[in-house]
Amino acid sequence: MKRLALVLGPLVGLFLAGCQTVAPKDYTAFRQSRPASILVLPPINASSDVRATYSVYTAMTRPISELGYYVFPLVVVDQMMKENGLTMPADMHQAPPAKLREVFGADAALYVTVQEYGSKYMLVVADTFVRARAVLVDLRTGTTLWEGSVYAQAGGQSGLLEALVTQVLNKLTDQAHMVATVACYQLVTPPGPPGQGLLRGPRHPEYGKD
5 MKRLALVLGP LVGLFLAGCQ TVAPKDYTAF RQSRPASILV LPPINASSDV
55 RATYSVYTAM TRPISELGYY VFPLVVVDQM MKENGLTMPA DMHQAPPAKL
105 REVFGADAAL YVTVQEYGSK YMLVVADTFV RARAVLVDLR TGTTLWEGSV
155 YAQAGGQSGL LEALVTQVLN KLTDQAHMVA TVACYQLVTP PGPPGQGLLR
205 GPRHPEYGKD
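Here it is, written out as structure tokens:
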């Protein structure tokens, strides 16, 4: 975690999200469900960037694991889905909750849709952004436990030369993936300022205090 903070720390100041008053979420069903394991399904990609699905997919598991949940290995999930004829994320999201429970033994599943992903270059402006929404469903009952959305952005006004340099660097380093990593942490940050995310899981030392 410390290592990740050192990597992301200088970037955090570059990320801007729209500020608005958000009504508190109702966590009644979440508290009653008390999931211990979460199956993260490959995200549906509604953006124009083909990298979005697996960029957000790989970025999502760590923050959930750090919240105290067992997260099923992504490679195993992806492979088992495809072996059962579900080759596309949209097909995977249509699988009945009871069937996912039977196959994986997970308590809950996280369904993510990537709405925007990538970079825009407009003369003197270079922006990198990620927008996503997620739904957590209890696989034992089919009940929706939590819903959330996030928008993270890096970049902004710069000179023409700087914008061109940024464009080259983004292609070399995939800055959108770094933005996706920050977005995933923002999305699942536990409730209470500043988060509206997931409750802490049973493996977290502060479990039950949200």
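For the sequence shown, position 155 matches number 159 in this note's numbering, and the numbering has no gaps at all. Beta carbons are placed, not taken as given, at the ideal position from N, Cα and C, and that holds for glycine.
Legend entry - Helix, strand or coil at lysine 124 according to DSSP, with G and I counted as helix: strand
Inset, instruction - With DSSP collapsed to three states, give me the class of leucine 164. - result: Interpretation of leucine 164 is limited by its pLDDT of 38, a score under 50 that renders its predicted location unreliable; the figure taken from the coordinates is listed afterwards. If DSSP states are grouped into helix, strand and coil, leucine 164 belongs with the helices.
Inset, instruction - To the nearest angstrom, report how far apart tyrosine 189 and methionine 64 are at their CA atoms. - result: 8 Å
Inset, instruction - Name, in chain order, the residues that DSSP records as bridge partners for leucine 114. - result: Val44 and Leu140
Inset, instruction - In angstroms with no decimal places, state the Cα-to-Cα distance between proline 93 and threonine 62. - result: Proline 93 and threonine 62: Cα-Cα distance of roughly 14 Å.
Legend entry - Residue environment, valine 11, which counts as buried when at least 16 other CB atoms sit within 10 Å: Since pLDDT at valine 11 reaches only 43, below the 50 mark, its modelled position is unreliable, and the value read off the structure follows with that caveat. Valine 11 is exposed by the Cβ-count criterion.
Legend entry - Alpha-carbon spacing of serine 51 relative to arginine 135, whole angstroms: 9 Å
Inset, instruction - Kindly list the residues whose CB is nearer than 7 Å to the CB of aspartate 82, restricted to its own chain and excluding five residues on each side of it in sequence; keep chain order. - result: Apart from the 5 residues on each side of it in sequence, aspartate 82 sits with its Cβ closer than 7 Å to the Cβ of Pro46 in its chain, given in chain order.
Inset, instruction - For proline 206, count neighbouring C-beta atoms within 10 Å of its own C-beta (all shown protein chains included) and say buried if the count is 16 or more, exposed if not. - result: exposed
Legend entry - Secondary structure of arginine 35, DSSP reduced to three states: Look at arginine 35 here: in three-state DSSP terms it is helix.
Legend entry - glycine 201, DSSP secondary structure in three states: Glycine 201 falls in the coil class under three-state DSSP.
Legend entry - Limits of the unbroken alpha helix (DSSP H) element including threonine 147: Per DSSP, threonine 147 belongs to no alpha helix (DSSP H) and is neither H nor E.
Legend entry - Residue closest to aspartate 53, alpha-carbon to alpha-carbon, out of Tyr31, Val139 and Gly122: That would be Gly122, whose Cα lies nearest to the Cα of aspartate 53.
Inset, instruction - Out of Gln36, Ala180 and Leu114, point me to the one whose CA is closest to glycine 201's CA. - result: Considering only alpha carbons, the answer is Leu114.
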